[in-house]
Structures are given as C-alpha cells and as structure tokens.
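**Q**
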Amino acid sequence: MAVAADLDRATDSKWDWVAEHTRKYLASGGTEGHENNGVLTLVLATTGRRTGEARRNCLIYGTSGDDFVVVASKGGADEDPAWFKNLQADPSVGVQVGTRRFTARARVASPAERPSLWAQMARIFPLYDEYAQKTDREIPIVLLTPES
0 MAVAADLDRA TDSKWDWVAE HTRKYLASGG TEGHENNGVL TLVLATTGRR TGEARRNCLI
60 YGTSGDDFVV VASKGGADED PAWFKNLQAD PSVGVQVGTR RFTARARVAS PAERPSLWAQ
120 MARIFPLYDE YAQKTDREIP IVLLTPES
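Here numbering that gives the first Met the number 0 is used: position 132 in the sequence shown is 131, and no number is missing along the way.
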C-alpha cells in the first residue's frame with residue numbers, strides 16, 4: 000500500500016529523463032518541476048505488484064473536481080505502463096502535486112466519464128490523441144482521489 004511518505008524512498012522510473020525530473024521535483028519540495036515543458040506534472044508512488052517495493056513516476060495531470068487525472072499512455076505502446084498495472088493491484092498511492100503531498104485512491108474512469116476526461120487531457124497534451132492512434136488498446140484514464 001503506497002502512501003505519501005513513500006515518495007521519498009521509492010525507486011525511480013527506469014527512464015533516465017523521468018527519473019531526473021522526479022528527483023528534481025522532490026528535492027525542491029515541489030517548487031521546481033511542477034511545470035515541465037508547458038504542462039503540469041505530479042509525482043505518483045505506487046506499490047510494485049511483484050516486488051512490493053514503492054515505485055515513482057512523474058506524470059502529466061489534469062483535474063476533475065477534487066480528483067487529479069492522469070493518462071496511462073506509455074507513448075501509445077501496446078501494453079499498459081507498469082505504474083498502471085501496479086495501481087490496479089493496489090489502488091493506494093502517494094502523490095505530490097507542487098508542494099502538496101497526500102495519499103490517494105486510484106480508479107479507472109468509468110465509460111461515462113471517459114469521453115470528457117479524454118478530451119480534457121488531449122487539450123492539455125495533444126500527443127495523447129496520436130498515442131491513441133498508435134495502439135489497439137483503450138488507453139486508461141485514472142482518477143486519483145485524495146484521502147481525507
């Protein structure tokens with residue numbers, strides 16, 4: 000079960016540029032890296048479904064009410080990203096958005112929610128539409144609901 004405290008001890012993404020961004024974000028307490036290349040990003044900590052170890056990634060996000068919205072695109076690859084598989088196995092996650100840290104519960108957007116959330120996220124990051132064209136899988140949209 001990942002919680003906010005796991006953000007500091009989690010293993011970074013295997014992608015060097017993501018790991019570097021994540022470390023900069025967290026080292027600054029969220030004052031650097033929240034905005035990256037014109038989009039807002041958050042840090043997500045999940046629990047490894049096989050190892051049980053905390054893992055972290057930086058992801059582009061949007062909002063829907065009090066929820067934070069992320070897209071499991073993996074650049075349009077034919078398989079879901081590891082972080083998505085991890086939160087399917089254990090939906091408790093740690094999140095940092097700017098300077099704010101919290102534990103959240105992750106869930107996949109319902110079929111009714113998906114169209115408007117996809118449109119919103121594609122406005123934020125237009126490459127999502129290109130990614131969707133590259134794969135036959137329906138790219139998941141995830142809502143992160145902060146715990147009270």
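Note that the Cβ used here is the ideal one computed from N, Cα and C, for glycine as well. Just so you know, these numbers come straight off a predicted model, no measurement behind them.
Count the other C-beta atoms from every protein chain shown that fall within 10 angstroms of the C-beta of S115, then say buried if there are 16 or more, exposed otherwise.
**A** Residue numbering aside, residue 115 sits at position 116 when the sequence shown is read from its first letter. Per the 10 Å Cβ criterion, exposed.
**Q** N149: buried (16+ other C-beta within 10 angstroms of its C-beta) or exposed?
**A** An answer regarding residue 149 cannot be provided, because it is not within the stretch 0 to 147 covered by the chain.
**Q** Along the beta strand (DSSP E) that carries L43, what are the first and last residues, could you check?
**A** Along the sequence shown, one-based indexing puts residue 43 at 44. Taken as a continuous stretch (DSSP letters only), the beta strand (DSSP E) holding L43 covers V38 to T46.
**Q** Three or more C-beta pairs closer than 8 Å, one from the segment 122-129 and one from the segment 46-55: is that the case here?
**A** The segment 122-129 is not in contact with the segment 46-55.
**Q** Excluding the 5 residues preceding and the 5 following V160 in the sequence, name in chain order all residues of the same chain whose CB lies nearer than 6 Å to its CB.
**A** Nothing can be reported for residue 160: it is not among the residues displayed for the chain, which extend from 0 to 147.
**Q** Report the three-state DSSP secondary structure of D89 (helix, strand or coil).
**A** Here residue 89 refers to the residue found at position 90 when the sequence shown is read from its first residue. D89: coil per DSSP, three-state reduction.
**Q** Work out the CA separation of P110 and V92 for me, nearest whole Å.
**A** One-based indexing of the sequence shown puts residue 92 at position 93. One-based indexing of the sequence shown puts residue 110 at position 111. So the alpha carbons of these two residues sit roughly 22 Å apart.
**Q** On a CA-only basis, which of G75, G74, W14 and V42 is nearest R100? Give me that one, please.
**A** On the sequence shown, position 101 is the one that residue 100 refers to. Minimum Cα distance to R100 is reached at V42.
**Q** In chain order, what residues of the same chain lie with their CB nearer than 8 Å to the CB of H20, ignoring the 5 residues before and after it?
**A** On the sequence shown, position 21 is the one that residue 20 refers to. Cβ within range, chain order: G32, N35, T40 and C57.
**Q** Indicate the three-state DSSP secondary structure (helix, strand or coil) for V2 in the structure shown.
**A** On the sequence shown, position 3 is the one that residue 2 refers to. Reduced to three states, the DSSP call for V2 is coil.
**Q** Does DSSP classify T98 as helix, strand or coil?
**A** Within the sequence shown, the letter at position 99 stands for residue 98. T98 falls in the coil class under three-state DSSP.
**Q** Please report the straight-line C-alpha distance between R136 and E146, rounded to a whole angstrom.
**A** In the sequence shown, residue 136 corresponds to position 137, counting from 1. In the sequence shown, residue 146 corresponds to position 147, counting from 1. Each residue's Cα considered, the two are about 30 Å apart.
**Q** Quick one: what does DSSP say R22 is sitting in, helix, strand or coil?
**A** Counting from one through the sequence shown, the residue named residue 22 turns up at place 23. Three-state result, R22: helix.
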